[in-house]
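Novice: Protein chains in written order, with numbering that gives the first Met the number 0: chain A, 0 to 413; chain B, 0 to 413.
Beta carbons are placed, not taken as given, at the ideal position from N, Cα and C, and that holds for glycine.
2 protein chains.
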Amino acid sequence: MPIELDPMLLLGEIDPPQRLLMGPGPINAHPRVLRAMSADLLGQFDPEMTGYMNQVMALYRPIFGTANRWTMLVDGTARAGIEAALVSLVAPGDVVLVVNFGRFGLLLGEILARIGAVVETVEAPWGEIVSLDAIAAGIARCQPKVVATIHGDTSTTMVQPLDGFGALCRAAGALSYVDATATIGGMELAADRWEVDVVSGGLQKCLGGPSGSAPITISDTAAEHITRRRHLEQGIRRPDIADGQGPRIVSNYFDLAMVMDYWSDKRLNHHTEATSMLYAARECARIVLEEGLAARYARHEAAGRAMTAGLRAMGLEIFGEDAHRMINVTGVFVPKDVDGETVRLAMREQFEIEIGTAFGPLEGRIWRIGAMGYNAMKHKVLLTLAALEACLGMQGYSLPPGIAVPAAMRAWDA
Amino acid sequence: MPIELDPMLLLGEIDPPQRLLMGPGPINAHPRVLRAMSADLLGQFDPEMTGYMNQVMALYRPIFGTANRWTMLVDGTARAGIEAALVSLVAPGDVVLVVNFGRFGLLLGEILARIGAVVETVEAPWGEIVSLDAIAAGIARCQPKVVATIHGDTSTTMVQPLDGFGALCRAAGALSYVDATATIGGMELAADRWEVDVVSGGLQKCLGGPSGSAPITISDTAAEHITRRRHLEQGIRRPDIADGQGPRIVSNYFDLAMVMDYWSDKRLNHHTEATSMLYAARECARIVLEEGLAARYARHEAAGRAMTAGLRAMGLEIFGEDAHRMINVTGVFVPKDVDGETVRLAMREQFEIEIGTAFGPLEGRIWRIGAMGYNAMKHKVLLTLAALEACLGMQGYSLPPGIAVPAAMRAWDA
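Right, dumping it as structure tokens:
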């Protein structure tokens, strides 16, 4: 007999509290995105479904700043997009240079080590970025096959400048990868101008969607490299699709050669596309492009400027070099004699607002406060600052009352 | 300047046609599942969010027929659950026995080969299952560390009997894995009675949800084995969580040691849980348990019985041994002088009903007609049969008209 559940466990209808998510992500999804997910499903090779897949490819090209044919989704969280890129670009034994300036740079090295790559790094202390000169020196030193980095690393709130990055890699015959999870839809991505081969992202930050789908773009050069490693499953071999000669990709799920064949006119069966997440990704992109990329980036910049101004007006110190801070998430030092977690708890319990803690060397030292996507709005920045001012006051942090909000309003319009 | 999109490409609101999906999956999601996904998001370590995660663990235990503590979700499609199980159980060089009786058995071997396992197989022709004796002989022959198989393989519509399977593996000191993607929520899963270590599934078939989340359950023995391979990321190391001594798991995303740490009270940061898909998985499970497992399996059985009776009444031949056919998807031979794809096209274009084609040796020879989850309903079975009868008639297949539906109605109530 099947085990039947204690009816006590049947639990109520989903009914999450209405939290304002002002951490480093995930953030609240745009209501249109949530509604798009309630559309009914389609068969995976239904022409209406493959039509939506093709639309998603078209919609994400401008968001990545590219004309790349291979612009699509990996079915998983942003981390799935990172692993798909790396495992498809890198074969065991390949030398890979990681440009590392925070926790997500460490993650790239971690994934690469598991794949069996020889991992070399050029690094900056947390709170700084890596200069192009240092990257060039790293490339000269280790002659990598692939160079991988992060665009915006939310662990440090730094954004790595990428103009000129891809050219350095190409000049040395290396392919390049950029994780843009934390910036896509909020700061300019320019895959083509950067001359970068693969860029991946996620929906749950500036795109204003749920975690669970990873947009990715692949240059023709990288696509050729990956296709040379194509290895079809025995159960679905076809005479018109040949295996490549390169080393087989270590993962089946993340094999971008097969994922490209699935998204191409070949429609080769691979995973079953996560239809609701594809609907979400499509709606995120529609919203971004309706607003317009320039207007959207300007809105994120205004939100970051206002948040920073409000925090500084309260006498708080901002973390990291001003010249290289992300505009959509701001690190701020927890003041002396204030317990960061107590303030975060009060923010959530009294105001239903979430702000972020930090990782590694910054844990307990800074909060990370985001203003991304649907939450990069003036009133949400002002509400967050007003609530933080109140919570700091309750913790005995003395500050001139009522100063943060006007400072933020002025900065928004600056 | 960012590349702006041609406004012609902004495309309309998501508006898929209302298709009745009677193939081997995906099928139409239950409307309650679609609505659950429209709930707003939460921060990933918000107590309300981790509360929902714990509820999901409780809800899926009876569905898997287990008391396993480690019953949770992998963020990706059903194939992601398969790969997570295999890459976490198997180290390069391990001998793994695959019990293969269709396309998805081939897929297990394919994934294992990429991991670097030594893959041995025991096989049955497509349309049959593998006997316990043959499995025992295979185990004796190759002394595997892991034995892996499929419960219901939709490529052949066969279901592998699993009573006694896990005991054979345990007696030989092997861990066992079962892919139950095509049966979870529609046929009984009994992970504990089968004495199987890891079972994984997907939402998009009998659970009546969208593809994109893979429920998985892990025995304590397998969890210990996997935890011995734990390797924490440098960016999030904690003094209270030690690395294991076993070989590092080849994938970061699919490292179930880290996924367990994320779903445990440790709440170790890994991926960002795909919140909307978690809401969907939770609602799928609530619907299953409200109906009751026994009632749900009986409903699927009635639907399969009715479909089979209707098809046979039309003079069509059912594929595969009756004793071992899945109840939720039925293979049926395309009659002589009928073009299978033309009929499928007419079904879709005239009736908005999808039925499935087939893979490999069965391509063009059989259709696969499902009745799963929200679509395992009498009226949907009857509508499908009536439409198929009409489409076969249009193709010149001569059959006594009006005979399929009454036969199916009688069989439903039998």
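#1: At a CB-CB cut-off below 9 Å, which residues of chain A make contact with His270 of chain B?
#2: Going by C-alpha distance, which of A:Ile317, A:Ser175, A:Glu82 and A:Asn327 is nearest Val73 of chain A?
#3: Please report the Cβ distance between Leu277 of chain A and Pro25 of chain B, rounded to the nearest whole angstrom; I am assuming they are in contact, meaning their Cβ atoms lie under 8 Å.
#4: Could you tell me how far apart the beta carbons of Ser397 of chain B and Ile225 of chain B are, in whole angstroms, since I believe they sit closer than 8 Å?
#5: Which bits of chain A does Met276 of chain B rub up against, with CB to CB less than 8 Å?
#6: Quick one: does Phe358 of chain B have its CB under 8 Å from some CB of chain A?
#7: Is it right to say Lys335 of chain B is buried, meaning 16 or more other beta carbons lie within 10 angstroms of its own, or is it exposed?
#8: Can you tell me whether Leu344 of chain A is buried or exposed, with buried defined as 16 or more other CB within 10 angstroms of its CB?
#9: Contact criterion: CB-CB distance below 8 Å. Does Asn251 of chain A meet it with respect to chain B?
#10: Which partner residues of Met56 of chain B appear in the DSSP bridge assignment?
#11: Whose Cβ in chain B lies nearer than 9 Å to the Cβ of Asn53 of chain A?
#12: Can you tell me whether Asn251 of chain A is buried or exposed, with buried defined as 16 or more other CB within 10 angstroms of its CB?
#13: Excluding the five sequence neighbours on either side, which residues of its own chain have a C-beta within less than 8 Å of the C-beta of Val333 of chain B, listed in chain order?
#14: Among the residues of its own chain, which have a CB less than 6 Å from the CB of Gly200 of chain B, if the five just before and after it don't count?
#15: Judging by CA-CA distance, which residue of B:Ala370, B:Val331, B:Thr356 and B:Ser263 is the nearest neighbour of Pro296 of chain B?
#16: What is the residue span of the beta strand (DSSP E) that Ile459 of chain B lies within?
#17: Exposed or buried, which one is Arg18 of chain A when buried takes at least 16 other CB atoms within 10 Å?
#18: Pull up the DSSP beta-bridge partners for Gly330 of chain A, would you.
#19: Going along the chain, which residues of the region 10 to 28 of chain B sit with their C-beta nearer than 8 Å to a C-beta in chain A?
#20: Buried or exposed: which applies to Glu289 of chain A, given that a residue is buried once 16 or more other Cβ atoms fall within 10 Å of its Cβ?
#21: Distance check for Pro16 of chain B and Leu52 of chain A, CA to CA, integer angstroms please.
#22: Report the rounded CA-to-CA distance for Trp262 of chain B versus Thr156 of chain B, giving the unit in angstroms.
#23: Buried or exposed, going by whether 16 or more other CB atoms sit within 10 Å of the CB of Gly92 of chain B?
#24: Would Leu96 of chain B and Cys141 of chain B be called neighbours here (beta carbons separated by less than 8 Å)?
#25: Mark Thr220 of chain A as exposed unless 16 or more other C-beta atoms lie within 10 angstroms of its C-beta, in which case mark it buried.
#26: For Arg102 of chain A, is the classification buried or exposed, using 16 other Cβ atoms within 10 angstroms of its Cβ as the cut-off for buried?
#27: Strictly under 8 Å for the Cβ-Cβ distance: is Leu387 of chain B near chain A by that measure?
#28: Whole angstroms are fine: how far does the CA of Arg298 of chain B sit from the CA of Pro124 of chain B?
#29: Can you say whether Ser218 of chain A is buried or exposed, counting buried as having 16 or more other CB atoms within 10 angstroms of its CB?
#30: Consult DSSP for Gly245 of chain B and reduce its assignment to one of helix, strand or coil.
#31: Can you name, in chain order, every residue of its own chain whose Cβ lies under 8 Å from the Cβ of Gly243 of chain A, other than the five neighbours on each side?
#32: Does the CB of Arg281 of chain A have a neighbour CB from chain B at under 8 Å?
#33: Output needed in chain order: residues of the region 211 to 225 of chain A with a Cβ under 7 Å from some Cβ in chain B.
#34: Does chain B have any CB closer than 8 Å to the CB of Pro1 of chain A?
#35: When you compare the CB positions of Thr216 of chain A and Thr70 of chain A, do they come within less than 8 Å of one another, or not?
#36: Terminal residues of the continuous beta strand (DSSP E) containing Ile217 of chain A?
Specialist: To lay it out plainly:
#1: Stepping through the second sequence from its first residue, residue 270 of chain B is reached at position 271. Under the 9 Å cutoff, chain A gives Gly75, Thr76, Ala77, Arg78, Ala79 and Ser210.
#2: Against the first sequence, residue 73 of chain A aligns to sequence position 74. Per the Cα distances, A:Glu82.
#3: Position 278 of the first sequence, counting from 1, holds the residue named residue 277 of chain A. Position 26 of the second sequence, counting from 1, holds the residue named residue 25 of chain B. Rounded, the Cβ-Cβ distance is 12 Å, inconsistent with contact.
#4: Locating residue 397 of chain B in the second sequence gives position 398, counting from the first residue. Locating residue 225 of chain B in the second sequence gives position 226, counting from the first residue. Actually they do not touch by this definition, with Cβ atoms about 58 Å apart.
#5: The sequence position of residue 276 of chain B within the second sequence is 277, counting from 1. Ordered by position in chain A, the residues that pass the 8 Å Cβ test against Met276 of chain B are Pro209, Gly211, Ala273, Ser275 and Met276.
#6: For the purposes of this step, residue 358 of chain B is identified with residue 359 of the second sequence, where counting begins at 1. For Phe358 of chain B, the answer is yes, since a Cβ of chain A falls inside 8 Å of its Cβ.
#7: Sequence index remark: in the second sequence, residue 335 of chain B carries index 336 (1-based). Lys335 of chain B comes out exposed.
#8: In the first sequence, the residue the question calls residue 344 of chain A occupies position 345. With fewer than 16 other Cβ atoms within 10 Å, it is exposed.
#9: As a working note, residue 251 of chain A is residue 252 in the first sequence. Judged by the 8 Å Cβ criterion, Asn251 of chain A is in contact with chain B.
#10: Against the second sequence, residue 56 of chain B aligns to sequence position 57. In DSSP, Met56 of chain B forms no bridge with anything.
#11: The sequence position of residue 53 of chain A within the first sequence is 54, counting from 1. Within chain B, no residue comes near Asn53 of chain A; the closest Cβ sits about 10 Å away, beyond 9 Å.
#12: Taking the first sequence and counting its residues from 1, the one referred to as residue 251 of chain A is at position 252. That one is buried.
#13: Numbered from its first residue, the second sequence carries residue 333 of chain B at position 334. So the qualifying residues of the chain are Gly339, Val342, Gly363, Arg364, Ile365 and Trp366.
#14: As a position in the second sequence, residue 200 of chain B is number 201, starting the count at 1. For Gly200 of chain B, where only same-chain residues beyond five positions count, the Cβ hits under 6 Å are Ala179, Thr180, Ile183 and Pro214.
#15: Sequence index remark: in the second sequence, residue 296 of chain B carries index 297 (1-based). According to the sequence provided, residue 296 of chain B is Tyr. The question's Pro does not apply to it. Per the Cα distances, B:Ala370.
#16: In the structure displayed, chain B extends from 0 to 413; residue 459 of chain B sits before or after that span and is not available.
#17: Within the first sequence, residue 18 of chain A is the residue found at index 19, counting from 1. With 16 or more other Cβ atoms within 10 Å, it is buried.
#18: Within the first sequence, residue 330 of chain A is the residue found at index 331, counting from 1. As computed with DSSP, Gly330 of chain A is found in a beta bridge with A:Arg367.
#19: Leu10, Glu12, Ile13, Asp14, Pro15, Pro16, Gln17, Arg18, Leu20, Gly22, Gly24, Pro25, Ile26, Asn27 and Ala28
#20: As a position in the first sequence, residue 289 of chain A is number 290, starting the count at 1. Exposed, because fewer than 16 other Cβ atoms sit within 10 Å of the Cβ of Glu289 of chain A.
#21: In the first sequence, residue 52 of chain A corresponds to position 53, counting from 1. In the second sequence, residue 16 of chain B corresponds to position 17, counting from 1. Reading off the sequence, residue 52 of chain A comes out as Met, not Leu. Here the C-alpha atom of Met52 of chain A lies approximately 15 Å from the C-alpha atom of Pro16 of chain B.
#22: For the purposes of this step, residue 262 of chain B is taken as the residue at position 263 of the second sequence. For the purposes of this step, residue 156 of chain B is taken as the residue at position 157 of the second sequence. C-alpha of Trp262 of chain B to C-alpha of Thr156 of chain B: approximately 34 Å in a straight line.
#23: As a working mapping, residue 92 of chain B is identified with position 93 in the second sequence. Gly92 of chain B comes out exposed.
#24: Taking the second sequence and counting its residues from 1, the one referred to as residue 96 of chain B is at position 97. Taking the second sequence and counting its residues from 1, the one referred to as residue 141 of chain B is at position 142. In contact: Leu96 of chain B and Cys141 of chain B (Cβ atoms closer than 8 Å).
#25: On the first sequence, position 221 is the one that residue 220 of chain A refers to. With fewer than 16 other Cβ atoms within 10 Å, it is exposed.
#26: Taking the first residue of the first sequence as position 1, residue 102 of chain A is located at position 103. Under this definition Arg102 of chain A is a buried residue.
#27: In the second sequence, residue 387 of chain B corresponds to position 388, counting from 1. No, no contact with chain A.
#28: For the purposes of this step, residue 124 of chain B is identified with residue 125 of the second sequence, where counting begins at 1. For the purposes of this step, residue 298 of chain B is identified with residue 299 of the second sequence, where counting begins at 1. Distance between the alpha carbons of Pro124 of chain B and Arg298 of chain B: 29 Å.
#29: Taking the first residue of the first sequence as position 1, residue 218 of chain A is located at position 219. Result: buried.
#30: Here residue 245 of chain B refers to the residue found at position 246 of the second sequence. DSSP places Gly245 of chain B in coil when its eight states are reduced to three.
#31: Walking along the first sequence from the start, residue 243 of chain A turns up at place 244. Contacts found: Thr226, Arg227, Arg228, Arg229, His230 and Ala256.
#32: Taking the first sequence and counting its residues from 1, one reaches residue 281 of chain A at position 282. With 8 Å as the cut-off, Arg281 of chain A counts as an interface residue toward chain B.
#33: Gly211
#34: For the purposes of this step, residue 1 of chain A is identified with residue 2 of the first sequence, where counting begins at 1. Unreliable positioning characterises Pro1 of chain A in this predicted model, as indicated by a pLDDT of 49, which lies under 50. The coordinate reading is nonetheless provided below. Output row for Pro1 of chain A: interface = yes.
#35: Start at 1 with the first residue of the first sequence, and residue 216 of chain A comes out as number 217. Start at 1 with the first residue of the first sequence, and residue 70 of chain A comes out as number 71. In this structure, Thr70 of chain A lies closer than 8 Å to Thr216 of chain A by Cβ.
#36: Residue numbering aside, residue 217 of chain A sits at position 218 when the first sequence is read from its first letter. Ala213 to Ile217 is the span of the beta strand (DSSP E), which, as asked, contains Ile217 of chain A.
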